[in-house]
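Residue numbers (the numbering used here), protein chains in the order written: chain A, 40 to 238; chain B, 40 to 238.
C-beta atoms are modelled at their ideal positions from N, C-alpha and C, and glycine is treated no differently.
Values in this document were obtained by computation on a predicted structure and should not be read as measured data.
Report on the structure given below.
Protein chains: 2
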Amino acid sequence: MTATPAPARVRLKPEERRTQLINIGLRLLTTRPIHEMSIDEVAAEAGISRGLLFRYFPTKRDYYVAVVEAAGRRLLRHAKAPEQGAPAERVRGIVDGFVSFVQRRKGNYVALVRAGAGGDDLVLEVFEANRRTLTDRVLDAAGVPDPTPLHRLAVRGWLAMTEEMAIGATDDVVTTADLVDLLVGNLEQVMERFASGDR
Amino acid sequence: MTATPAPARVRLKPEERRTQLINIGLRLLTTRPIHEMSIDEVAAEAGISRGLLFRYFPTKRDYYVAVVEAAGRRLLRHAKAPEQGAPAERVRGIVDGFVSFVQRRKGNYVALVRAGAGGDDLVLEVFEANRRTLTDRVLDAAGVPDPTPLHRLAVRGWLAMTEEMAIGATDDVVTTADLVDLLVGNLEQVMERFASGDR
Numbered sequence: 040m041t042a043t044p045a046p047a048r049v050r051l052k053p054e055e056r057r058t059q060l061i062n063i064g065l066r067l068l069t070t071r072p073i074h075e076m077s078i079d080e081v082a083a084e085a086g087i088s089r090g091l092l093f094r095y096f097p098t099k100r101d102y103y104v105a106v107v108e109a110a111g112r113r114l115l116r117h118a119k120a121p122e123q124g125a126p127a128e129r130v131r132g133i134v135d136g137f138v139s140f141v142q143r144r145k146g147n148y149v150a151l152v153r154a155g156a157g158g159d160d161l162v163l164e165v166f167e168a169n170r171r172t173l174t175d176r177v178l179d180a181a182g183v184p185d186p187t188p189l190h191r192l193a194v195r196g197w198l199a200m201t202e203e204m205a206i207g208a209t210d211d212v213v214t215t216a217d218l219v220d221l222l223v224g225n226l227e228q229v230m231e232r233f234a235s236g237d238r
Numbered sequence: 040m041t042a043t044p045a046p047a048r049v050r051l052k053p054e055e056r057r058t059q060l061i062n063i064g065l066r067l068l069t070t071r072p073i074h075e076m077s078i079d080e081v082a083a084e085a086g087i088s089r090g091l092l093f094r095y096f097p098t099k100r101d102y103y104v105a106v107v108e109a110a111g112r113r114l115l116r117h118a119k120a121p122e123q124g125a126p127a128e129r130v131r132g133i134v135d136g137f138v139s140f141v142q143r144r145k146g147n148y149v150a151l152v153r154a155g156a157g158g159d160d161l162v163l164e165v166f167e168a169n170r171r172t173l174t175d176r177v178l179d180a181a182g183v184p185d186p187t188p189l190h191r192l193a194v195r196g197w198l199a200m201t202e203e204m205a206i207g208a209t210d211d212v213v214t215t216a217d218l219v220d221l222l223v224g225n226l227e228q229v230m231e232r233f234a235s236g237d238r
């Protein structure tokens with residue numbers, strides 16, 4: 040192995056440096072699970088010392104949690120309903136954003152979910168908060184003004200299905216557009232079935 | 040802390056000892072995630088030395104994988120369709136077994152799923168194999184003789200929903216019997232929607 044020349048050290052403002060370090064983490068996540076990501080590698084990519092990195096993130100865990108939070112914010116920026124429109128169209132906006140987000144970065148997403156499920160309580164809290172936000176958005180888009188715990192449970196289940204199918208779907212099985220249609224239609228049925236007394 | 044007296048050492052046949060050690064693991068899983076389970080604690084519970092335990096399971100990982108496999112076998116023993124009956128009744132057998140299994144040991148089940156997702160490839164393989172077996176059983180029970188990849192994707196998604204709802208449901212939100220009804224009905228709709236051209 041020949042040593043690659045270290046990137047030129049660039050002086051960045053603290054906020055820019057923080058953002059740079061998190062972006063490196065998000066990029067490395069596409070190639071390996073978060074647990075296998077090394078702090079030394081992140082510092083080297085940024086062209087800074089390990090010591091300087093730890094001034095931004097006092098522990099490895101702080102760094103990982105920041106990366107997972109950033110990934111969650113990205114997902115939530117994509118999985119948004121349009122302000123106006125019929126419920127089905129507003130739900131479609133969320134599903135399309137969610138499914139497309141997962142499909143564009145499958146390895147990354149699975150690595151994140153695996154990291155989240157790996158047992159770190161802080162990471163699990165980030166996941167839980169994102170899941171709650173998504174649930175609220177879906178209920179609002181679907182036009183459920185006063186959701187019951189059963190509505191919430193139904194949407195949580197349907198989000199798990201959406202995530203599983205977005206990860207598992209490949210183009211030769213179903214196109215993203217068709218998958219989105221299928222999931223939007225399924226939510227309508229889930230909400231009818233789970234929310235009414237008609238079972 | 041006062042030392043509790045060690046249990047009397049009992050001589051067991053190798054297969055019995057193996058089963059005993061795995062059963063201890065399954066029981067400890069109800070109180071903590073698998074990663075926090077200590078080999079010393081397992082050996083102490085069995086009244087044997089750490090060294091003897093390692094003769095049955097050469098590494099901590101071997102032991103964990105064996106515990107996860109045993110938990111998977113238990114789940115599959117419960118989540119079974121009756122041999123005879125209409126598709127909806129056969130599917131109900133699987134769902135009822137799955138949901139009841141998860142609900143009786145929620146902490147344990149979540150700990151296992153978290154362990155599985157935690158990134159150990161062998162544990163992930165065990166999960167994947169179980170998920171495939173469940174998918175096959177559901178397709179067979181639902182009367183889909185020649186499943187397409189889209190059928191499989193649909194059932195995988197629905198299983199993720201079933202798992203999420205079984206974990207999330209509490210008695211004040213929905214009874215187990217009602218949840219099973221809801222999920223059985225939902226599978227019918229999912230299969231119709233996902234398997235036909237009618238979207």
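Practice task
Measure from the alpha carbon of G146/B to the alpha carbon of each residue in V162/B, R56/B, L65/B and R232/B, then state which is nearest.
Solution key: Residue L65/B is the option with its Cα nearest to G146/B.
Problem - Interface partners of R195/B on chain A, CB under 8 Å - result: E203, M204 and G207
Exercise for the section: Would you decide whether M40/A is buried or exposed? Buried here means 16 or more other CB atoms lie within 10 Å of its CB. Expected result: In this predicted model, M40/A has a pLDDT of only 47, less than 50, meaning its place in the structure is not dependable; the value taken from the coordinates is given anyway. By the 10 Å Cβ count, M40/A comes out exposed.
Exercise for the section: Within 10 angstroms of the Cβ of V49/A, are there 16 or more other Cβ atoms? Answer buried if so, exposed if not. Expected result: exposed
Problem - Span of the alpha helix (DSSP H) around R144/B - result: Element bounds for R144/B: n/a, residue is neither H nor E.
Exercise for the section: Give a yes or no on whether the minimum CB-CB distance between A120/B and chain A is below 8 Å. Expected result: no
Handout entry: Interface partners of V130/B on chain A, CB under 8 Å
Key = Within 8 Å Cβ-Cβ: nothing; V130/B doesn't reach chain A, min ~15 Å.
Practice task
Drop a sphere of 10 angstroms on the beta-carbon of D135/A, count the other beta-carbons inside from all chains shown, and report buried for 16 or more, exposed for fewer.
Solution key: Here D135/A is buried, its C-beta having at least 16 other C-beta atoms within 10 Å.
Practice task
Give the DSSP-derived three-state secondary structure of D139/B in the structure shown.
Solution key: The sequence shown places Ser at residue 139/B, rather than the Asp named in the question. Reduced to three states, the DSSP call for S139/B is helix.
Handout entry: Cα-Cα separation, L67/B to L221/A
Key = 41 Å
Practice task
Out of E167/A, A208/A, V229/A and R56/A, state which residue places its alpha-carbon closest to the alpha-carbon of A181/A.
Solution key: V229/A
Handout entry: Proximity to A125/A [Cα-Cα], best of A199/A, R232/A and V223/A
Key = Per the Cα distances, V223/A.
Handout entry: Start-to-end residues for the alpha helix (DSSP H) that takes in A110/A
Key = Where A110/A is concerned, the enclosing alpha helix (DSSP H) stretches over K99 to H117.
Handout entry: Cβ-based neighbour list, R238/A, same chain, cut-off 6 Å, excluding 5 preceding and 5 following
Key = Confidence is the limiting factor: at R238/A the pLDDT is only 38, short of 50, which leaves the residue's position unreliable, though a coordinate-based value still follows. Closer than 6 Å at the Cβ level, and outside the excluded window around R238/A, lies no residue.
Handout entry: Validate contact between the region 104-113 of chain A and the region 188-204 of chain A using beta carbons, cut 8 Å, 3 pairs
Key = Under the Cβ criterion (8 Å, minimum of three pairs), the region 104-113 of chain A does not count as touching the region 188-204 of chain A.
Practice task
Using a Cβ cut-off of 8 Å (strictly closer), state whether P126/B contacts chain A.
Solution key: Residue contact with chain A for P126/B: absent (no Cβ-Cβ distance below 8 Å to any residue of chain A).
Exercise for the section: Measure from the C-beta of R232/B to each C-beta in chain A and report whether the shortest distance is under 8 Å. Expected result: yes
Exercise for the section: Look at Y103/B and L60/B and say whether their C-beta atoms are less than 8 Å apart. Expected result: no
Practice task
Apply the 10 Å Cβ neighbour rule to T58/B and answer buried if 16 or more other Cβ atoms are within range, or exposed otherwise.
Solution key: Counting Cβ neighbours within 10 Å, T58/B comes out exposed, since fewer than 16 surround it.
Problem - Min CB distance A105/A to chain B below 8 Å - result: no
Exercise for the section: Answer yes or no: does any C-beta atom of chain A fall closer than 8 Å to that of N62/B? Expected result: no
Exercise for the section: Pick helix, strand or coil for T58/A, following the three-state DSSP scheme. Expected result: helix
Handout entry: Distance, R89/B Cα to K99/B Cα
Key = In a straight line, the C-alpha of K99/B is about 11 Å away from that of R89/B.
Handout entry: Pairwise C-alpha distance: M76/A and F166/A
Key = Computed Cα separation, rounded: 20 Å.
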